[in-house]
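Below: the structure, in structure tokens.
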Amino acid sequence: MRKVLVTGGAGYIGSSLVPLLLKKGFSVTILDDLSYGDYGIRKHLSKIDLIEGDVGDLELLKKSAIGSDSVVHLAGTSGDPSCDLDPKKCAQDNYESTKNIVKICKEFGISRLAFASSCSVYGAQDGMVDEDSKPNPLTLYARTKLDSEDDVLSLEGGCALRLSTLFGASGRTRCDLVVNLLTCHAFQNGKVMLFGGDQWRPLLDVKDAARAFFMAITLDKNKVNGVFNVGSTAQNLKVKQIAYLLGEEIEGVDINIHPVDRDARSYKVSFEKIKKNWNYESRYSIPDGIKEIKRCLKDGSIKNWKDPIYSTRGRIL
Ligand SMILES: NC(=O)c1ccc[n+]([C@@H]2O[C@H](COP(=O)([O-])OP(=O)(O)OC[C@H]3O[C@@H](n4cnc5c(N)ncnc54)[C@H](O)[C@@H]3O)[C@@H](O)[C@H]2O)c1
Numbered sequence: 003m004r005k006v007l008v009t010g011g012a013g014y015i016g017s018s019l020v021p022l023l024l025k026k027g028f029s030v031t032i033l034d035d036l037s038y039g040d041y042g043i044r045k046h047l048s049k050i051d052l053i054e055g056d057v058g059d060l061e062l063l064k065k066s067a068i069g070s071d072s073v074v075h076l077a078g079t080s081g082d083p084s085c086d087l088d089p090k091k092c093a094q095d096n097y098e099s100t101k102n103i104v105k106i107c108k109e110f111g112i113s114r115l116a117f118a119s120s121c122s123v124y125g126a127q128d129g130m131v132d133e134d135s136k137p138n139p140l141t142l143y144a145r146t147k148l149d150s151e152d153d154v155l156s157l158e159g160g161c162a163l164r165l166s167t168l169f170g171a172s173g174r175t176r177c178d179l180v181v182n183l184l185t186c187h188a189f190q191n192g193k194v195m196l197f198g199g200d201q202w203r204p205l206l207d208v209k210d211a212a213r214a215f216f217m218a219i220t221l222d223k224n225k226v227n228g229v230f231n232v233g234s235t236a237q238n239l240k241v242k243q244i245a246y247l248l249g250e251e252i253e254g255v256d257i258n259i260h261p262v263d264r265d266a267r268s269y270k271v272s273f274e275k276i277k278k279n280w281n282y283e284s285r286y287s288i289p290d291g292i293k294e295i296k297r298c299l300k301d302g303s304i305k306n307w308k309d310p311i312y313s314t315r316g317r318i319l
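Have a look at this one:
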């Protein structure tokens with residue numbers, strides 16, 4: 003039986019990936035500091051090894067990796083606003099810890115490592131970017147992700163997945179990401195306020211992201227060693243287009259666009275490499291994600307979307 007260590011496995015992506023790994027017959031160990039608790043993976047607890055602790059603790063990391071043949075590295079401080087709150091922790095969580103994981107993989111003979119990088123590394127760019135484009139990291143978060151990629155790629159089966167901005171529900175749904183956040187505002191208040199709205203964002207459902215991590219540790223090594231943008235070329239949208247899609251799913255929503263754009267990041271990304279090499283395509287659309295979040299708000303599976311458990315920055319504050 004294949005054994006995989008998932009760092010940050012109790013989080014948004016982790017709580018979609020873990021059930022998939024279990025379904026495919028993997029033995030799963032999670033190392034997570036449980037900053038949001040274990041509720042995202044609670045129903046799987048009897049089937050996994052859960053180790054509570056900091057991924058920056060080298061000894062604990064070694065203990066967690068014993069017997070694994072693959073690592074999926076998701077733990078870290080996610081997003082620009084969260085990293086800016088505590089830059090030292092961000093550098094430790096996102097960069098130093100990744101370096102340690104690569105070191106341990108080499109020491110333990112673990113050749114498969116899938117790392118959660120981000121399309122944020124592209125920063126602000128004109129035109130469509132792909133994996134050969136020069137990155138333009140505008141924030142500490144993006145810089146830590148980009149710097150980590152080199153370490154990850156030094157492993158024979160190392161794979162850096164530059165994720166789109168995710169949406170949709172998982173065991174631990176995040177309500178601080180653009181599609182989910184706008185849906186919450188629209189559903190609860192009947193209106194959304196955008197700043198600028200012309201920024202391009204590539205978007206992807208969290209379950210599609212989880213499937214990409216699964217592929218990264220199960221496809222042939224020679225197919226995965228490298229950097230891959232993860233998303234769908236057709237799901238590059240301007241933020242204001244997301245708001246218009248919301249208007250189609252939530253009746254009567256009032257869309258206000260403030261002319262000042264507070265976020266300089268804007269990138270339109272090509273996902274042809276992953277499509278061509280892995281035959282990877284997204285299965286869920288943005289309207290699917292909006293409907294799903296709306297359903298969670300309606301049936302109470304998301305109780306109070308403003309609660310810090312649904313937001314990385316909220317949790318840190
Ligand atoms: N969600 C997105 O849109 C997105 C996009 C691009 C990249 N990413 C990257 O994917 C990864 C996972 O993102 P997510 O959305 O699931 O985030 P998340 O915050 O929901 O999950 C991260 C998990 O890691 C844990 N964690 C955080 N710091 C830790 C530490 N020092 N030690 C141990 N555990 C720790 C948290 O408790 C949480 O369970 C992150 O590295 C993030 O930067 C996410």
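Under our numbering, the residues of the sequence shown are numbered 3 to 319, in order.
Ideal Cβ placement from N, Cα and C applies to all residues, glycine included.
As the structure is a computational prediction, the values presented were derived from the model and not from experiment.
Which of helix, strand or coil DSSP assigns to residue i
i, result
"Y143", "helix"
"Y286", "coil"
"G129", "strand"
"Y269", "strand"
"R176", "coil"
"L239", "strand"
"S303", "coil"
"S313", "coil"
"R297", "helix"
"F28", "coil"
"L148", "helix"
Spatial neighbours of residue i in its chain, beta-carbon cut-off 6 Å, leaving aside the 5 residues before and after
i, result
"S80", "T314"
"H260", "F197"
"R4", "F28, D71"
"S172", "Y14, S17, S18, V208"
Proximity test, residue i beta-carbon vs ligand 1 heavy atom, cut-off 6 Å
i, result
"D59", "no"
"G10", "yes"
"Y14", "yes"
"T146", "no"
"A214", "no"
"L165", "yes"
"S66", "no"
"D256", "no"
"S268", "no"
"S70", "no"
"D34", "yes"
"S84", "no"
Cβ neighbours of residue i in the same chain (closer than 7 Å, five flanking residues each side left out)
i, result
"L179", "T167, L168, F169"
"D88", "I318"
"A212", "I15, S18, L19, L22"
"A218", "A116, C161, L163, V226"
"L60", "N102"
Residues near residue i in its chain [Cβ-Cβ closer than 8 Å; skip 5 each side]
i, result
"I288", "F169, V181, L205, Q237, L239, I244, L247"
"Y38", "A12, G13, R174, I311, R317"
"N96", "G78, T79, C85, Y143, T146, K147, S150"
"G129", "K270"
"K293", "E251"
"D200", "K240, V241, K242, D263, S268"
Chain C within 7 Å of residue i, Cβ atoms only
i, result
"P137", "Any reference to chain C falls outside this structure, which holds one protein chain only."
Self-check item: Continuous alpha helix (DSSP H) assignments of at least 4 residues falling wholly in the region 30–93
Solution: Counting only runs of 4 or more, we get 60–67, 82–87, 89–93.
Self-check item: Any beta strand (DSSP E) of 3 or more consecutive residues that is wholly inside the region 179–213
Solution: Whole beta strand (DSSP E) segments, 3+ residues: 193–197, 202–207.
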